[in-house]
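Engineer: After the C-alpha cells below, expect a handful of questions from me.
2 protein chains.
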Amino acid sequence: MKLYVVGFGAGSFEGMTISAKNAIEDCGLITGYSVYTELIREHFPHKEYFSTPMRQERERVEYALSQAETRNTALVCSGDCSVYAMAGLAFELWDKFPRAEIIPVAGVTAALSGGAVLGAPLTNDFAVISLSDILTPKEKIEKRLECAAMADMCVALYNPSSKKRADHLKWACGIMLKYKSPDTVCGYVKNIGRDGEESMVLPLSELAEADTDMFTTVFIGCAETKIINGKMVTPRGYRIE
Amino acid sequence: MKLYVVGFGAGSFEGMTISAKNAIEDCGLITGYSVYTELIREHFPHKEYFSTPMRQERERVEYALSQAETRNTALVCSGDCSVYAMAGLAFELWDKFPRAEIIPVAGVTAALSGGAVLGAPLTNDFAVISLSDILTPKEKIEKRLECAAMADMCVALYNPSSKKRADHLKWACGIMLKYKSPDTVCGYVKNIGRDGEESMVLPLSELAEADTDMFTTVFIGCAETKIINGKMVTPRGYRIE
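So the sequences go chain by chain: D and S. Quick note, in this note's numbering, the first sequence goes up one by one and the last residue is 241. Quick note, in this note's numbering, the second sequence goes up one by one and the last residue is 1241.
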C-alpha cells in the first residue's frame, strides 16, 4: 500500500495542493508531529490520527511505514515533504518495510508562502538555511551563512530561534553584517497562513532584535532588494531591459 | 480590483494549491507567458486569455496591471509567483496602476516538485541558482555556484541550458567539481508534472553530459546525499540520533 509523505504547505486548507488534499483523502490513517496532525484534523476530521511529539521522528516514521504495508497512510509535514521534513527519513527506513510504496507529495515551503506575505523577496537566486543546530553542526551552518552572504544571495532562515537558541538569529545577523549593508532590506513572517499571522519589513541592522520564534521564517535581501509600498521586493532586471 | 500573481506549480492541475485554483476561478482574464497560459487553459477553458512570448515580461505585466484596475485578473507563473517569476515586476510597475491590488499566490517551485520526483534531495540547507545570464551577470552566477559548493549545500539549478547556452551546465559542473567529489549524487527532472516527464539520478562526474533543456531542473547533492533504491536522498541526521 502507499505511504504518502505529504507537504501540506503553511497550514491553511487553501495553501495545500490539490495532490496533497487527494492524498490525505485517499488514506484512513494520518500520522505526523502533533502540531501538524492537529492542523490537518481541522480540515479532515473523520480520519484516524497518530502523532508523536517533537524529536520522536524515527518512531513516527517507522510507525507510518509499518501501517503503510497494509493500508494507505499519510505522513504529514508542514511546508514541503522534503525541506527539513520527513521524506528523506522515510526513504532511509524503507528497507524494513518493503511492502510500503513511498510517494512524496511536494508542498509550498515557508520560504515561498512567507515570501508571498512579504511581497516578492525571493525573485532571484536564494539560499534556504536552518539555524537549528540539533541535526547540523553549528560550524557548518556558519559556513553556509558566510557563503550565502559573500555571494549576495537572498536568504530564507528557518528555525531562527527557540527557547534554547534565543541568540541564534543575532549570531546569524552578525555574520550577514560582515558582508551585507546594515540597510539591506529584511523581513519576517510568523505563523504563516495560521491564526496569529504577523509580518514585518525592517533593515538588517534591526533584525537581530526582532521577536522571532520557531514558527517564524526570516528573509534577508540581497543588494538590490527594496521596499515598495511596504512590500519586500527583489527585482530581477526585467524592468531595466 | 485584484491582480493575483499566481504560482501554479509544475503544470498539472493537482500540483496547484487550492488558493491558486480559487484565484484563477475568481478572474475573468488570465494573462501570462504563452506556454503557461496554454497549460492553464487546459484546466480552465472558459476564461479570456492574453499572452505574450518570452522576453516581453514588461508588456505582459503592464497589461495585467492595467486590466486589474477594473476587473479581477490573474497573471500566471509556473512554479512559485516570485522565484524567477513575475510578482516582483508587478510590484515594481505598481505605481502606474494604483487601483490594482496585487496579491501574490505562492506555488510549488520546481526545486520542490522536481525533488519529490527524484526522492528527497533537498532535506537540508540548499541554494536555488539559475544558470540563465540574461538578467544576472555570469560573474555573479559563478560566485554563487562557488559559494554554494564551498559550503557543501545541495543546489537546485534552474534554466541549466538552452540553445544559446548549451554549455552552461558543463560550466557549472566544472565549478562544482572544484569543491565536490565526482561521486556526489545528482539528478535531473524534465517536464515536471507535464507530458514527457523524465528523470535521472547520476554522479556529478556524468552530469555535464546530461541532456537538459530549459524545462529541466538539475539537483546537485551535498556530501551526505545518497541513492536509496534509485531515489536521490539527502539525510538530515534523524536516523543516527
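The beta-carbon is built from N, C-alpha and C at its ideal position, and this holds for glycine as well.
Between D/Gln-67 and chain S, is the shortest Cβ-Cβ distance under 8 Å, so that the two count as touching?
Structural biologist: In the first sequence, residue 67 of chain D corresponds to position 67, counting from 1. Output row for D/Gln-67: interface = no.
Engineer: Per DSSP, which residues does S/Thr-1017 bridge with? Please list them.
Structural biologist: Indexing the second sequence from 1 puts residue 1017 of chain S at position 17. Answer by DSSP bridge pairing, in chain order: D/Thr-17.
Engineer: If you compare alpha carbons, which of D/Lys-231, D/Gly-230, D/Glu-224 is closest to D/Gly-237?
Structural biologist: Against the first sequence, residue 237 of chain D aligns to sequence position 237. The option with the nearest alpha carbon to D/Gly-237 is D/Glu-224.
Engineer: Taking a contact to mean a Cβ-Cβ separation below 8 Å, would you say D/Phe-50 touches D/Ala-68 in this structure?
Structural biologist: Residue mapping note: residue 50 of chain D aligns to position 50 of the first sequence, counting from 1. Residue mapping note: residue 68 of chain D aligns to position 68 of the first sequence, counting from 1. It is not a contact, given that the beta carbons lie outside the stated cut-off.
Engineer: Ordered along the chain, which non-local residues of its own chain (more than five positions away) have a Cβ less than 6 Å from that of D/Ala-90?
Structural biologist: Counting from 1 along the first sequence, the entry for residue 90 of chain D is found at position 90. Around D/Ala-90: Val-5, Val-61, Ile-102.
Engineer: Please report how far the alpha carbon of D/Leu-198 lies from the alpha carbon of D/Asn-191, in whole angstroms.
Structural biologist: For the purposes of this step, residue 198 of chain D is identified with residue 198 of the first sequence, where counting begins at 1. For the purposes of this step, residue 191 of chain D is identified with residue 191 of the first sequence, where counting begins at 1. Looking at the sequence shown, residue 198 of chain D is not Leu but Glu. Cα-Cα distance, rounded: 7 Å.
Engineer: Could you tell me which chain D residues have their CB closer than 7 Å to the CB of S/Leu-1122, listed as they occur along the chain?
Structural biologist: Sequence index remark: in the second sequence, residue 1122 of chain S carries index 122 (1-based). Ser-82, Val-83, listed in chain order.
Engineer: List the residues of chain D that S/Val-1218 touches, going by C-beta distances under 8 Å, in chain order.
Structural biologist: Numbered from its first residue, the second sequence carries residue 1218 of chain S at position 218. Correct list: empty, because the minimum Cβ distance to chain D is about 14 Å.
Engineer: Taking only runs that begin and end inside the stretch 1173-1238 of chain S, name each unbroken alpha helix (DSSP H) of 4 or more residues, in chain order.
Structural biologist: Complete alpha helix (DSSP H) runs here, min 4: 1204-1207.
Engineer: Let me know the alpha helix (DSSP H) ranges lying completely inside the stretch 1033-1078 of chain S, each 4 residues or longer, listed in chain order.
Structural biologist: If we require 4 residues or more, the alpha helix (DSSP H) runs fully inside the stretch 1033-1078 of chain S come out as 1034-1043, 1057-1068.
Engineer: Would you mind giving the Cβ-Cβ distance between S/Thr-1017 and S/Gly-1107, rounded to the nearest angstrom? I have them listed as a contact below 8 Å.
Structural biologist: Translated into positions along the second sequence, residue 1017 of chain S becomes position 17. Translated into positions along the second sequence, residue 1107 of chain S becomes position 107. So it is a contact: roughly 6 Å between Cβ atoms.
Engineer: Counting only C-beta atoms, is D/Ser-132 closer than 8 Å to chain S at any point?
Structural biologist: Along the first sequence, read from residue 1 onward, the residue named residue 132 of chain D stands at position 132. So no, D/Ser-132 is outside the interface.
Engineer: Determine the DSSP secondary structure at D/Leu-29, reduced to helix, strand or coil.
Structural biologist: Position 29 of the first sequence, counted from the start, is the residue given in the question as residue 29 of chain D. Strand, per DSSP.
Engineer: Tell me which residues share the same chain as D/Lys-47 and place their Cβ nearer than 6 Å to its Cβ, disregarding the 5 neighbours each side in the sequence.
Structural biologist: For the purposes of this step, residue 47 of chain D is identified with residue 47 of the first sequence, where counting begins at 1. Cβ neighbours of D/Lys-47 beyond the five flanking positions: Ile-30.
Engineer: For D/Gly-196, count neighbouring C-beta atoms within 10 Å of its own C-beta (all shown protein chains included) and say buried if the count is 16 or more, exposed if not.
Structural biologist: In the first sequence, counting from the first residue as 1, residue 196 of chain D sits at position 196. Answer is exposed; the Cβ neighbour count stays below 16.
Engineer: With DSSP collapsed to three states, give me the class of S/Cys-1081.
Structural biologist: Residue numbering aside, residue 1081 of chain S sits at position 81 when the second sequence is read from its first letter. Coil.
Engineer: Assess, as a yes-or-no matter, whether the stretch 1161-1169 of chain S is touched by the stretch 156-170 of chain D under the definition of 3 or more beta carbon pairs within less than 8 Å.
Structural biologist: Because the criterion of three Cβ pairs below 8 Å is not met, the stretch 156-170 of chain D and the stretch 1161-1169 of chain S do not touch.
Engineer: Are the stretch 1109-1118 of chain S and the stretch 136-155 of chain D touching, with three or more C-beta to C-beta distances below 8 Å?
Structural biologist: Judged by Cβ distances under 8 Å, the stretch 1109-1118 of chain S makes no contact with the stretch 136-155 of chain D, as fewer than three pairs qualify.
Engineer: At a CB distance below 8 Å, what residues from the stretch 135-147 of chain D approach chain S? Give them in sequence order.
Structural biologist: Listed by position along the chain: Leu-135, Thr-136, Lys-140, Ile-141, Lys-143, Arg-144, Glu-146, Cys-147.
Engineer: Does the beta-carbon of D/Lys-21 have 16 or more other beta-carbons within 10 angstroms, so that it is buried, or is it exposed?
Structural biologist: In the first sequence, residue 21 of chain D corresponds to position 21, counting from 1. D/Lys-21 comes out buried.
Engineer: What is the C-beta distance between D/Met-1 and D/Thr-70, in whole angstroms, given that I count them as a contact (C-beta under 8 Å)?
Structural biologist: Sequence index remark: in the first sequence, residue 1 of chain D carries index 1 (1-based). Sequence index remark: in the first sequence, residue 70 of chain D carries index 70 (1-based). With 8 Å as the limit, D/Met-1 and D/Thr-70 qualify as a contact, their Cβ atoms being about 6 Å apart.
Engineer: Tell me which residue opens and which closes the beta strand (DSSP E) that S/Ser-1130 is part of.
Structural biologist: Translated into the one-based positions of the second sequence, residue 1130 of chain S becomes position 130. S/Ser-1130 -> beta strand (DSSP E) spans 1126-1130.
Engineer: For D/Gly-115, name the three-state secondary structure that DSSP assigns.
Structural biologist: Position 115 of the first sequence, counted from the first residue, corresponds to residue 115 of chain D. Three-state result, D/Gly-115: helix.
Engineer: Over the uninterrupted beta strand (DSSP E) stretch that includes S/Ile-1007, give me the two end residues.
Structural biologist: If you number the second sequence from 1, residue 1007 of chain S lands on position 7. Checking the sequence, you will find Gly at residue 1007 of chain S rather than Ile. Looking at the DSSP string, the run of the beta strand (DSSP E) that includes S/Gly-1007 is 1002-1007.
Engineer: Hey, S/Ser-1012 and D/Leu-122: beta-carbon distance below 8 Å or not?
Structural biologist: Position 12 of the second sequence holds residue 1012 of chain S. Position 122 of the first sequence holds residue 122 of chain D. No, the pair does not count as a contact, with Cβ atoms beyond the cut-off.
Engineer: Kindly indicate which residue of D/Lys-231, D/Phe-126, D/Glu-59, D/Ser-78 has the alpha-carbon position closest to the one of D/Val-35.
Structural biologist: Taking the first sequence and counting its residues from 1, one reaches residue 35 of chain D at position 35. Nearest of D/Lys-231, D/Phe-126, D/Glu-59, D/Ser-78 to D/Val-35, Cα basis: D/Ser-78.
Engineer: Considering only the alpha carbon of each residue, which of D/Val-218, D/Ser-66, D/Ala-208 lies closest to D/Gly-187?
Structural biologist: Against the first sequence, residue 187 of chain D aligns to sequence position 187. Per the Cα distances, D/Val-218.
Engineer: Taking C-beta pairs closer than 7 Å, name the residues in chain B that S/Asn-1022 reaches, listed in chain order.
Structural biologist: The structure shown has no chain B; the protein chains it does contain are D and S.
Engineer: Which chain S residues are close to D/Asn-229, counting only those with a beta carbon under 7 Å from its beta carbon?
Structural biologist: For the purposes of this step, residue 229 of chain D is identified with residue 229 of the first sequence, where counting begins at 1. Under the 7 Å cutoff, chain S gives Trp-1094.
Engineer: Using a Cβ cut-off of 7 Å, which residues of the stretch 1172-1205 of chain S contact any Cβ in chain D, in chain order?
Structural biologist: Against chain D - using a Cβ distance shorter than 7 Å - the stretch 1172-1205 of chain S contributes no residues.
Engineer: Give me the Cα-Cα distance between D/Ala-23 and D/Leu-3, rounded to the nearest whole angstrom.
Structural biologist: Position 23 of the first sequence holds residue 23 of chain D. Position 3 of the first sequence holds residue 3 of chain D. D/Ala-23 and D/Leu-3: Cα-Cα distance of roughly 9 Å.
Engineer: Where does S/Leu-1093 sit, in a helix, a strand or coil, going by DSSP?
Structural biologist: By one-based count along the second sequence, residue 1093 of chain S stands at place 93. Of the three classes helix, strand and coil, the one that applies to S/Leu-1093 here is coil, per DSSP.
Engineer: Given a cut-off of 8 Å on the beta-carbon distance, is the pair D/Thr-52 and D/Glu-59 in contact?
Structural biologist: Stepping through the first sequence from its first residue, residue 52 of chain D is reached at position 52. Stepping through the first sequence from its first residue, residue 59 of chain D is reached at position 59. Their beta carbons are under 8 Å apart, which means D/Thr-52 touches D/Glu-59 by this criterion.
Engineer: Using a cut-off of 8 Å between C-beta atoms, extract the partners of D/Asp-26 located in chain S.
Structural biologist: Taking the first sequence and counting its residues from 1, one reaches residue 26 of chain D at position 26. Result: empty, since nearest Cβ-Cβ is about 12 Å, beyond 8 Å.
Engineer: Could you please give the first and the last residue of the uninterrupted alpha helix (DSSP H) stretch that includes D/Lys-145?
Structural biologist: Along the first sequence, one-based indexing puts residue 145 of chain D at 145. Reading off the sequence shown, one finds Leu at residue 145 of chain D, where the question assumed Lys. D/Leu-145 -> alpha helix (DSSP H) spans 138-150.
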